[in-house]
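In this note's numbering, the protein residues as written are 30 to 275.
Here the structure comes first, spelled out in structure tokens, and everything after it is commentary.
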Amino acid sequence: MTDLKKILVAAALAVLAAASPVHAGKDDTKAVGIMLKQQYPAIPVDTVSKTDIEGLFEVASGTNIFYYHLKTNSIVTGEIIRGGRSITAQRRGEIMSRLLKDVPLAKAVKIGSGKNVVIEFSDPDCPYCRQVDGFFAKRNDLTLYVFLLPLPMHPDAPKKSLKVLCSADPVSAYREAMGGKYDTPFTLPSGCEAKAGSLLQEHITWGQRLGVQGTPAIWVNGTWVEGGANVQALETLLAKGPAKGK
């Protein structure tokens with residue numbers, strides 16, 4: 030559980046215990062924001078907005094989304110699902126997309142030179158990442174910027190990530206990793222960790238700043254792709270192309 034989630038759980042319990050009235054109108058997002066900042070200073074509140082559920086406000090804290098119910102003075106965590114899709118995940122993706130402008134693309138593994146700009150956070154041992162890379166490898170209409178984000182569930186992923194980043198040809202090394210070449214035991218070149226360790230940490234840090242919780246995390250021309258390895262969504266966005274003027 031992340032620190033913010035721990036804080037939110039504690040805050041929710043405190044609110045339910047207190048259940049004190051809140052002096053705010055049903056559309057008063059400003060008053061709700063002030064109240065939350067006063068009662069829960071440990072929770073950074075960036076924006077407060079109405080939802081289409083009466084009395085329920087959406088609160089953005091970094092790339093995290095939670096909800097506040099006015100009538101019961103309750104903090105609500107979880108996902109709002111409608112029509113089989115997570116409205117919460119969609120909103121989270123919109124927030125993440127706004128942060129993309131600060132991501133240092135020069136630090137990524139750059140593949141191709143097509144008109145569509147694709148940013149991906151990838152784990153060398155993630156099966157869905159390998160699946161989607163097979164899709165990307167067949168296309169020549171995109172410029173792919175890969176940031177490596179080895180997940181805790183894959184103990185060999187950090188070593189494979191270092192292998193890619195310290196290679197003289199990171200593009201070929203990445204494609205080899207995606208193809209399973211490094212799934213058998215191998216030794217890192219001498220000095221590899223010293224050469225690429227700080228760069229890998231930068232990749233990881235940017236993934237954390239964007240709130241990436243799993244791989245692959247993909248944006249096509251600035252639009253977040255829900256589900257990551259959603260080939261149908263990727264094809265649609267790539268066919269649409271970049272916005273005019275970009």
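For every residue, glycine included, the Cβ atom is placed at its ideal position computed from N, Cα and C.
If you're wondering where the values come from, they're calculated on a predicted model, not measured in any experiment.
Asked, Found
"Closest Cα partner of Phe176 within the set Val147, Lys167, Ala166 and Pro184", "Val147"
"First through last residue of the alpha helix (DSSP H) which encompasses Lys100", "Neither: Lys100 is in no alpha helix (DSSP H) and is coded neither H nor E."
"Neighbourhood of Val260 by C-beta, 6 angstroms cutoff - its chain only, sequence neighbours within 5 removed", "Phe164"
"Residue range of the beta strand (DSSP E) that includes Phe150", "Asn145 to Ser151"
"Whole-number beta carbon distance between Ala246 and Phe95, since they are thought to touch under 8 angstroms", "Wrong, their Cβ atoms sit about 20 angstroms apart, outside the cutoff."
"Contained beta strand (DSSP E) runs [length at least 3] in the segment 149–201, N- to C-terminal order", "171–177"
"Segment contact, 8 angstroms Cβ cut-off, at least three pairs: the segment 154–168 with the segment 108–119", "no"
"Burial state of Ser190 (16 or more Cβ within 10 Å)", "buried"
"First through last residue of the beta strand (DSSP E) which encompasses Ile247", "Ala246 to Val249"
"Reduced DSSP category for Ala118 - H, G, I as helix; E, B as strand; rest coil", "helix"
"8 angstroms CB neighbourhood of Gly243 in its chain, flanking five on each side removed", "Leu180 and Gly257"
"Terminal residues of the alpha helix (DSSP H) in which Thr216 lies", "Taken as a continuous stretch (DSSP letters only), Thr216 belongs to no alpha helix (DSSP H), as it is neither H nor E."
"Where Phe86 falls, given that 16 or more other Cβ within 10 Å makes a residue buried", "buried"
"Per-residue DSSP class, three states only, for Thr265", "helix"
"Boundaries of the alpha helix (DSSP H) in which Ile82 is found, first to last residue", "It is not in any alpha helix (DSSP H) - Ile82 carries neither H nor E in the DSSP assignment."
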